[in-house]
Structure formats: structure tokens, C-alpha cells
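Worksheet: the structure to be examined is printed underneath.
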Amino acid sequence: MDAILAAIKADQAWTLEQQISICQIPAPPFKETERGKEYARRLGELGLVDIHTDSEGNVISRWPGSKAPKPLIVFSAHLDTVFPEGMDVRVTKDGPKHKGLGIGDDCRGLASVLTVARAFQKHKAEFNGTILFVATVGEEGQGDLRGVRHLFGKELKGQIDAFLSVDGTGTSLASRAVGSNRYLVTYKGRGGHSYGAFGMPNPAHAMGRAMARIADIQVPVSPKTTFNIGRVEGGTSVNSIPISVSMEVDIRSESAKELAALDERLRAALQAGLDGEKQRWPASKAPLDLEIKTMGLRPAAEPPDSLPIVQKAIAAGKKVGVTVFATRAGSTDSNIPMSLGIPAITIGGGGGAQGAHSIDEWYEDTADSYKGPQWAAMILQALTEK
Ligand SMILES: [Zn+2]
């Protein structure tokens, strides 16, 4: 293992090159094909076998050095970004900072996975188990974890024994899953002239009533539970009663129970907005309707830190000089295996970054950024140890 760790350290600059070049291939939500193809090609060059793209778009490959079929470990990073098609994906340099869309999240993870493969290849690594190197699609918001859902629900259903994802930078360890429910909420009415048709229920006013109720919802600090109205739109002009207004709402919790309770209160607030506005205009026969569309559902899970995979990851970190002060809850590909009771963690790929999910995202290659991929390699070793 020492030789593998040394190879990873020596490859620090190579890792950064991979990170930048991957990042310059666009991978918008639902359009990860181009990046996936190139990633598959690189995996092939690094000695991975049985490379294929599944029907959802995940790139799957197998490390050939396995002395036993089990345990089956999936080692992965995600291909997709949050950025729509057509944006400039060139990575620019500003002093020590590399600026680019998704440069940390998750080009760092993708590069770390390749670096581990390269070190395995150099030293013909063998394990008491099978390691699949995977690049998933649809990890980000809109994708709603579609890649990893497919992996655990169909492609490799019932076969995976543990899941290690490298997502983003730094050395954080996510061992719990923040669940989230996301909705597109629309209030619809007849609409009309603001003066001439006055006296009918107004969808904007109904939504305003609901928003005020949502804003006042009390949530526990621990387990952390949150709500957010992130986007609002609708209406046609200042002097028209709108036909339709809508908002996007995101609620989250580390606890499945708290999330369900908050979901109920959210729905009650939405209904109260509708009812309140209808009651305001009892004489009006104009309709007012509420529509709630699900945009995404990510399951919450709270596995304890005493879980072997968590303990092994912390111990593996110590061996490469990564100190885990506290585990965290994340919203990553690991949500799916965690919610299925399959051991899973998400770690950072080393280095420093800021501005994930923004156009100002940057990455800085710290002196010890190689510890990210080293940590991943040590965890794989620990997970396959007899
Ligand atoms: Zn990510």
C-alpha cells in the first residue's frame, strides 16, 4: 500500500491536469454523455476492464486485480454539473486558483478516482474483493440521484456491499444523508383586469398567504431541519390579476421522521393559502386551484458513526494524515445506498475550493491535496481487507 500512496502523491500535478481537462467537457444535467465517453476512455487507459455505460448513463468499469468476487465495492464520483447547456466551461487561472464550472464539484472527485486507478495500475494492486470504478449521472438537483438510483435499484440491485463516493474537495466525511423534498407549487385562477375584475380570488395573494405561513414554521435545530422558498414566478403585468403563480420549495432534514412532519406542515400551509384566499371572496365564482408537483425526493438516513465503514474510513484517514473531527450529513449519491441500509460514505477529494454550484466556483491545489485520493485508496483497501 505504501507504494500506491507514494504514486498518488507523486501524481499530484497529474491529478490536477485530469481535473481541469475533465471539467472542460460540458456535462449539464441529463447531458453527461460527452464527458462520460471521455471518462470511460481514460478508465480504459488506466487498466480498468468491462467498461460499459448502463441504460441511465452511468459509466461502469471493474478493477481487474481481484482475488475474490466479494465484497463488491463501488468507488465513484459524479459526472454531472448544475450548469445548463451552452455555458463557457473553460477553466481559467487566477494566481493559485483555478476557476471553472464544477471544478471542485465534482471534477475533483472524478480526477481523484482516476488517480487511484493510475496508482493501482502502476503497482498491479490486488484486493480481496471486487472494486467497480463508476462515474454516475444525475447527482445534482435536477437529476435527483437518477444514476445512483438506477445502479442500486436495477443495474447492480442486491449486489453492492459498500459504496464510496468522492464528491467535492477537502477532507470531509459524510456518513449520514440529508433528505430533501422539492416541490413546484402553482396557484391558478381565472385572472382578469386588476380594476375591472376585482373581487375574485387572486393566485398571487393565495401564494402570499401560504408563503407567510411557511416562513413561520418552527423546525428543530437538531436534527437540522430546514425549509426554503427558492424561486417564485408568475403573473403577466402589474394591472392583471394573475392566471398563475408558482414557487419552488425545498425542505430538508437529517431525520426521515422530521422531514415527513415538515412535509405535512408545508402541505397544510399551502392548503391554508388556498382556503384563505377563497374565503376572502365568498361571493366570487371564479376558480382557484392549487397544484403541487414533485421535483425531487431524496431519502434521509441516519446510520450511526459506529458503523464499520465509518470507523474504517476514520482509521484510513489517520494513516494518510487526514483527521476527521466530526462526520457530517450530506446530500450526495450516498443517500440512496444509506437509505437502503447499504454501507456508504462520501468523502472529499482533497484541495480547497469555494463557490460550488456557482459560476464563481474555484479550486486551489493545496500542498497536501494528494491526501484526498490517498484516503480513498486506503478506504478501498480497508473495505476489502479480510
Ligand atoms: Zn457533487
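For the sequence shown, the numbering used here assigns the number 147 to the initial residue and increments by one for each residue that follows.
Heads up, the beta-carbon is just placed ideally off N, CA and C, and yes, glycines get one too.
Here the structure is a predicted model, which means the values were calculated and not measured.
{"Item": "Is the closest heavy atom of ligand 1 to the C-beta of Thr478 under 8 angstroms?", "Value": "yes"}
{"Item": "Within 8 angstroms, do at least three Cβ pairs link the segment 435-450 to the segment 484-502?", "Value": "yes"}
{"Item": "Using a 10 Å radius around the Cβ and a threshold of 16 neighbouring Cβ atoms, would you call Tyr341 buried or exposed?", "Value": "exposed"}
{"Item": "Once you ignore the five residues that flank Ala528 on each side, which residues in its own chain have a CB closer than 6 angstroms to its CB?", "Value": "Lys458 and Ala462"}
{"Item": "Reducing DSSP to helix, strand and coil, say where Gly296 ends up.", "Value": "It should be noted that the sequence gives His, not Gly, for residue 296. Helix, per DSSP."}
{"Item": "Does Ile277 pass the burial test, meaning 16 or more other C-beta atoms within 10 Å, or should it be called exposed?", "Value": "buried"}
{"Item": "Could you tell me if Asp252 is buried or exposed, where buried requires 16 or more neighbouring beta carbons within 10 angstroms of its beta carbon?", "Value": "buried"}
{"Item": "So is the beta-carbon of Glu507 under 8 angstroms away from any non-hydrogen atom of ligand 2?", "Value": "Only ligand 1 can be found as ligands here, which leaves ligand 2 out of the picture."}
{"Item": "Could you round the C-beta distance between Ile103 and Val367 to whole angstroms and report it? I think they count as a contact, below 8 angstroms.", "Value": "The requested residue 103 is not part of the displayed model; the chain covers only 147 to 532."}
{"Item": "Report yes or no: do three or more beta-carbon pairs, one from the segment 292-300 and one from the segment 368-383, lie closer than 8 angstroms?", "Value": "no"}
{"Item": "Is Thr261 helix, strand or coil when you go by DSSP?", "Value": "helix"}
{"Item": "Ligand 1 heavy atoms versus the CB of Asp290: any closer than 8 angstroms?", "Value": "no"}
{"Item": "Take Leu151 as the anchor and find which of Leu405, Arg413 and Arg264 has the nearest alpha-carbon.", "Value": "Arg264"}
{"Item": "Output the residues surrounding ligand 1, defined as those with a CB atom closer than 5 angstroms to any ligand heavy atom, in chain order.", "Value": "Asp251, Asp252 and Asp313"}
{"Item": "Taking contact to mean at least 3 C-beta pairs separated by less than 8 angstroms, is the segment 332-339 in contact with the segment 384-395?", "Value": "yes"}
{"Item": "With a Cβ-Cβ cutoff of 9 angstroms, do Thr473 and Asp451 count as a contact?", "Value": "yes"}
{"Item": "In angstroms, rounded to a whole number, what distance separates the CA positions of Glu231 and Thr371?", "Value": "32 angstroms"}
{"Item": "Among the candidates Ser326, His198, Ala214 and Leu189, whose CA atom is the shortest distance from the CA of Thr478?", "Value": "Ser326"}
{"Item": "Quick one: what's got a C-beta closer than 8 angstroms to Gly533's C-beta in the same chain, skipping five residues either side?", "Value": "Lying before the first or after the last residue shown, residue 533 is absent from the chain, which here runs from 147 to 532."}
{"Item": "Mapping the DSSP letters down to three states, classify Met357 as helix, strand or coil.", "Value": "helix"}
{"Item": "From Pro210 to Lys403, what does the alpha carbon distance come to, in whole angstroms?", "Value": "42 angstroms"}
{"Item": "Need the endpoints of the beta strand (DSSP E) that Gly327 sits in, please.", "Value": "The question names Gly, but residue 327 in the sequence shown is Asn. First-last of the beta strand (DSSP E) with Asn327: Gly325 to Gly335."}
{"Item": "So which of Val237, Ala418, Ala281 and Asp148 has the shortest CA-CA distance to Leu434?", "Value": "Ala418"}
{"Item": "Excluding the 5 residues flanking Gly501 on each side, which residues of the same chain have their C-beta closer than 7 angstroms to its C-beta?", "Value": "Glu507 and Trp508"}
{"Item": "Looking at Ile166 and Ile249, is the spacing between their C-beta atoms short of 9 angstroms?", "Value": "yes"}
{"Item": "Once you ignore the five residues that flank Asp226 on each side, which residues in its own chain have a CB closer than 7 angstroms to its CB?", "Value": "Ala173, Pro175, Glu178, Val283, Gly284, Glu285, Glu286 and Gly289"}
{"Item": "Out of curiosity, what's the CA-to-CA distance linking Ala513 and Arg398?", "Value": "35 angstroms"}
{"Item": "Alpha carbon to alpha carbon, what distance is there between Ala490 and Pro454?", "Value": "10 angstroms"}
{"Item": "Evaluate contact between the segment 340-356 and the segment 516-528, counting only Cβ atoms and requiring at least three cross-stretch pairs below 8 angstroms.", "Value": "no"}
{"Item": "Closest to Thr440 by CA distance: which of Arg328, Lys517, Phe471 and Ala432 is it?", "Value": "Arg328"}
{"Item": "List the residues that DSSP assigns as beta-bridge partners of Asp240.", "Value": "Lys243"}
{"Item": "Thinking Leu256 and Ala223 are a contact (beta carbons under 8 angstroms), I'd like their distance in whole angstroms, please.", "Value": "4 angstroms"}
{"Item": "Out of curiosity, what's the CA-to-CA distance linking Ala186 and Leu260?", "Value": "10 angstroms"}
{"Item": "What's the C-alpha gap between Phe344 and Gly442?", "Value": "37 angstroms"}
{"Item": "May I ask you to list the residues that DSSP assigns as paired with His339?", "Value": "Ser386"}
{"Item": "Please name the residue in Val391, Val195 and Gly495 whose C-alpha comes closest to that of Leu420.", "Value": "Val391"}
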